[in-house]
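The opening position of the sequence shown corresponds to residue 1 in the UniProt record's numbering, with each subsequent residue numbered one higher. Note that the Cβ used here is the ideal one computed from N, Cα and C, for glycine as well. This structure is a prediction, so every number in the text was calculated from the model and none was measured.
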Amino acid sequence: MLTQTEAQIYLADLRGVTRWDGVRSLHTFNFNGYQSEGRDPFGQLLAFNEETIEAGKCLGISTEKPVDILLIPTVGGLELTDSAGESVFVGAGETFSFLAFPESNLTVHNPYPSETIQYLQIRLRPQFSENDLNEPPLKSFSLAQENVLVPVYDHSAGNASGYIGRYGGRQEDVFMLKNSETGLFCYIIQGAFEVQNRLLEKGDALSLKNTEEVGFEALSNEAIILLIEVGQGS
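Following this line, the structure appears as structure tokens:
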């Protein structure tokens with residue numbers, strides 16, 4: 001018997017928003033004080049935030065339980081510091097992933113004197129593996145080549161992987177899921193796409209379950225899409 005694909009659209013304009021001094025965080029899923037019907041986590045994908053920090057400002061990272069965090073700068077770069085004063089700079093074309101604990105004292109700083117930065121903070125349910133010890137937290141990727149997906153995250157123990165691609169107008173592609181027990185989360189970083197016959201614009205997202213492949217088409221030039229294949233189990 002055929003299984004019907006389950007799909008849910010998350011419109012950018014309906015995201016939750018939290019503001020601090022010089023900081024704005026937009027929440028695709030329920031996060032901290034933002035709780036809304038239909039915004040539950042997507043399997044092991046717990047949170048997906050677009051965060052903007054003005055020049056000279058910072059944002060602390062806190063969690064009540066251990067969680068895998070992936071940071072992807074989309075405008076400018078960020079500086080991540082810990083309580084010991086150790087810091088790492090994550091720039092354009094880079095990602096930084098790490099396991100955060102409740103006792104972790106981490107802060108994202110905007111290192112620029114006059115520019116605003118923007119990045120994605122993605123949280124996933126942790127899946128521990130010995131291979132994690134061999135994985136470098138800071139990884140690089142390139143969007144120089146158009147119309148291809150490039151890997152930005154891989155966590156085989158948790159059935160989670162991420163890909164990003166820059167596409168020209170009317171260019172099409174198909175993503176094949178690796179595992180029948182995973183789902184796909186699609187997020188539009190720039191431009192517009194049609195994903196599985198659904199129009200998505202900047203900041204919009206789409207989750208899909210019970211599907212083996214996902215087709216998409218860029219509807220604008222320089223369009224950028226992020227795909228996260230993620231396990232649906234607990």
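**Message:** Considering only the alpha carbon of each residue, which of D40, L71, L138, G231 lies closest to E181?
**Reply:** G231
**Request:** Report the partner residues of R125 according to the DSSP bridge assignment.
**Result:** DSSP, once it has assigned bridges, lists no residue as partnering R125.
**Prompt:** With 16 other CB atoms within 10 Å as the buried threshold, where does T5 fall?
**Reply:** Result: exposed.
**Request:** Specify, as a first and last residue, the run of the beta strand (DSSP E) that E51 falls within.
**Result:** Element bounds for E51: 45–53.
**Request:** Tell me whether the beta-carbon of E194 lies closer than 8 Å to the beta-carbon of F216.
**Result:** Closer than 8 Å, so yes.
**Message:** Within a Cβ cutoff of 6 Å, which residues of the same chain sit near E146, ignoring the five residues on either side of it in sequence?
**Reply:** Beyond the five residues adjoining it in sequence on each side, E146 comes within less than 6 Å, by CB distance, of R166, G168 in the same chain, given in chain order.
**Message:** I need the straight-line Cα distance from M1 to G43, nearest angstrom please.
**Reply:** Any reading at M1 must be qualified, since the residue scores a pLDDT of 41, below 50, and its modelled position is unreliable; the value itself is stated next. Taking the straight line joining both Cα atoms gives about 24 Å.
**Request:** Quick one: grab the DSSP three-state call for I12.
**Result:** With the sequence shown as reference, residue 12 is identified as Ala, and Ile is not the correct amino acid for it. Reduced to three states, the DSSP call for A12 is helix.
**Message:** Considering Cα atoms alone, identify which of G183, T81, L149 is closest to Q171.
**Reply:** L149
**Prompt:** The beta strand (DSSP E) spanning E151 covers which residue range?
**Reply:** Going by the sequence as given, residue 151 is Pro instead of Glu. Counting along the chain, the beta strand (DSSP E) containing P151 begins and ends at 149–155.
**Prompt:** By a C-beta neighbour count over all protein chains shown, 10 Å radius and 16 as the cutoff for buried, is E218 buried or exposed?
**Reply:** The sequence given here places Ala at residue 218; Glu does not occur at that position. Taking every protein chain shown into account, the CB of A218 has 16 or more other CB atoms within 10 angstroms, so this residue is buried.
**Prompt:** Do you know how far the Cα of L99 is from the Cα of H109?
**Reply:** 19 Å
**Asked** For F101, does the count of other Cβ atoms within 10 angstroms reach 16, so buried, or fall short, so exposed?
**Response** If you draw a 10 Å sphere on the C-beta of F101, you find fewer than 16 other C-beta atoms in it, and that means exposed.
**Prompt:** Just checking my contact of C118 with T52 at CB under 8 Å: how many whole Å lie between their CB atoms?
**Reply:** Note on identity: in this sequence residue 118 is Gln, with Cys being the wrong assignment. With a Cβ gap of about 5 Å, Q118 and T52 count as contacting.
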